[in-house]
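Remarks on the structure that follows.
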């Protein structure tokens, strides 16, 4: 191995996009996801987590296949040090002159040897990639076993695989080495499935959570001579193990039949019993809905608040500590647990197929919302999903692999539009065939990659319907219909009631889909399903009572464009721009929302929020006042506008006025994301803006 590169730490990895302050982006998303307009963004980040590297976007036939790992590792949380040895079973293309692996830039390779024990040479690129030269010609289809010995310091502050985003940190009280952190040599993240046997040593008193636990820990002596414990894991089914979370956890706390266990630190242990109950309930719901997993065990583990809002692996669901006792964490946890089926048990063949697993995890979350709170709750949640689905609908989902996975376009398309496709498929083929499609897909493709064409075939087999037009419209096409309705009502003779003759118009020439038509009359409301084909579809509905109002798709089963949705889309784009610190661009998007709906309380609130950040307090006050005078949607804008006004009055030395605003906030009794609690907090003492608050 040449010393000039492989032994070095590597330079900054410019992997995907030049996203400004990405850690700040994740933290803002997490902090705000109780707010319905931002809940979608949290799910985006969660669903995106498996889809980090450019390598996963590339060819459908990977140049390198890794089928198995045996990893022996030890950490020292005092020095933030990792020392490891990984034996990799790989199959490379015949006569490959060089084999490439993704690797964490902060780790240095000490030595690489092949099956025969020969030391291999290679080079290290600026992005952390290792390129190794085989000692002998590669034989097609013949597995090789290479052993990597490496070490390094990972505090979380150094450059990682994704610029600005912490995917690994060796620290107290929680150490995390997420699979996408590339803390062991990888290829084809989330597309190249593998098995993993891991032996992990930690300081005494720490507990290690990963996939495929093999009994309890046993005592060892660590490299520094201190006592420690070794935890052994063996996930022997092709999948995506490799995430390690080690911490000073209390418990565990069991939920359900004891197959779900929760591991939290002392700081969040009070949330443990309720979290265990919720996790067990969600796991049971998904088991009933999707079918049983290869393992019935699930460990729910706390993550620090400085990394992703959630992470997952086989038998593992992790969420940040600040969300463990928060009601909004219920949906985040549901989305994360759904990845046990959609992401872990089946995975995308290419990144252009990522909408299947990302989208169904998102829709699984919504199905749980429906189960717990009814169809009205599902319909409310779909408003934000629809906005995300159409926010960047410029290229087909079948071409989404061309996008970088951290772009808002990729996030919106694979999660939100993916979720809407499953929602519409459910409407198209019916609940029974839809559930059988989900179970059939998971059964046929367990431990295998999945393509959109595979899902289509399973759905056709279960529904006995020809679904090419459906998938062509929503996967291979772009756009959504804008429905308009023209009709006339005629009285029928002899007391037979009324006949409505009308026409549904929309702007997509190739559109073909059943649409619900609701006719509200003086008496009974009539619902009829009409096949809408092309731009003009005529209908006739007979009713006994006089029709008073006719609604197209009242249940929101079809992804469609509308003026209200355009407002939501503009606000969503603005929120994403704020997360990237593009405040000028965000204000422009929020102004678009106000142009579409001058009474939008949410748009006014978001503008006030940006101006508050810029310390333009007078202008900020004006917009918060406008938010209070607006349409009041969503309801939380009232409470939080009062809180913001109170803070501004405190900052400008007007304590009496501040107290009045905090009291008004408390009186709303709307504790969305702790709004009432915050109002009470600032009633007891004045708010002071931190010097670092930007």
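In full-length UniProt numbering, the protein residues as written are 1 to 694.
Here a beta-carbon is modelled for each residue, glycine too, at the ideal position from N, C-alpha and C.
In whole angstroms, what is the alpha-carbon distance linking residue 671 and residue 642? 13 Å
Excluding five sequence neighbours on each side, which residues of the same chain lie with their C-beta closer than 6 Å to the C-beta of residue 427? 557
Could you pull out every residue in the same chain whose Cβ sits closer than 6 Å to the Cβ of residue 92, ignoring the five residues on either side in sequence? 64, 99 and 138
Collapsed DSSP secondary structure at residue 687 in the structure displayed: coil
The alpha helix (DSSP H) that contains residue 174, what's its start and end? No alpha helix (DSSP H) holds residue 174; the beta strand (DSSP E) holding it covers 174 to 177.
Distance between residue 438 and residue 782 (C-alpha atoms, nearest Å): Beyond the ends of the chain as shown, which are 1 and 694, falls residue 782; an answer cannot be given.
Alpha-carbon spacing of residue 613 relative to residue 81, whole angstroms: 38 Å
Would a C-beta distance cut-off of 7 Å place residue 302 and residue 278 closer than the cut-off? no
Assign residue 124 to one of three DSSP states: helix, strand, or coil. strand
Once DSSP output is grouped into helix, strand and coil, what is the label at residue 486? strand
Backbone CA spacing between residue 465 and residue 552 [nearest angstrom]: 24 Å
At what residue ranges does the segment 332 to 413 contain a whole run of the beta strand (DSSP E), taking only runs of 3 or more? 346 to 348
Measuring CA to CA, which of 411, 523, 625 and 634 is closest to residue 548? 523
Could you check what DSSP says for residue 236 in three-state terms: helix, strand or coil? strand
If you measure between the beta carbons of residue 176 and residue 253, is that distance less than 7 Å? no
What is the DSSP secondary structure of residue 50, reduced to helix, strand or coil? Reliability of the predicted coordinates at residue 50 is poor, the pLDDT of 41 falling under 50, and no value is obtained from them.
Every unbroken alpha helix (DSSP H) within the segment 610 to 636, with a cutoff of 4 residues, ordered by chain: 617 to 629
Beta-carbon spacing of residue 610, residue 648 below 7 Å: no
With a threshold of 16 other CB atoms inside 10 Å of the CB of residue 69, please say whether the residue is buried or exposed. buried
What are the complete alpha helix (DSSP H) segments, minimum 4 residues, inside the segment 241 to 277? none
Going by DSSP, what residues sit across from residue 499 in a beta bridge? 490 and 542
Which residue marks the beginning of the alpha helix (DSSP H) containing residue 598, and which one marks its end? Note, residue 598: premise wrong, no alpha helix (DSSP H); not H, not E.
Start and end residues, beta strand (DSSP E) containing residue 514: 512 to 521
Three-way DSSP call (helix, strand, coil) for residue 58 in this model: Legend: pLDDT at residue 58 = 39, less than 50; position of this residue unreliable, value from coordinates given subsequently. Of the three classes helix, strand and coil, the one that applies to residue 58 here is coil, per DSSP.
CB-CB length for residue 521 against residue 495, believed under 8 Å: The Cβ separation is near 15 Å, so there is no contact.
Would you be able to state if there are at least three C-beta pairs under 8 Å between the segment 405 to 420 and the segment 378 to 391? yes
Looking at residue 601 and residue 630, is the spacing between their C-beta atoms short of 7 Å? yes
Backbone secondary structure at residue 672 - three-state DSSP: helix
Residues near residue 95 in its chain [Cβ-Cβ closer than 8 Å; skip 5 each side]: 137 and 138
Roughly how many whole angstroms lie between the Cα atoms of residue 435 and residue 686? 54 Å
For residue 300, the three-state DSSP class (helix, strand or coil): strand
Element boundaries [alpha helix (DSSP H), containing residue 424]: 418 to 429
Please identify the residue among 97, 478, 617 and 328 whose C-alpha is closest to the C-alpha of residue 121. 97
Name the residue from 541, 171 and 422 whose alpha carbon lies nearest to the alpha carbon of residue 157. 171
Measuring straight from C-alpha to C-alpha, what distance separates residue 721 and residue 543? Residue coverage of the chain in this structure runs from 1 to 694, which leaves residue 721 outside it and unanswerable.
From residue 480 to residue 394, what distance separates their C-alpha atoms? 11 Å
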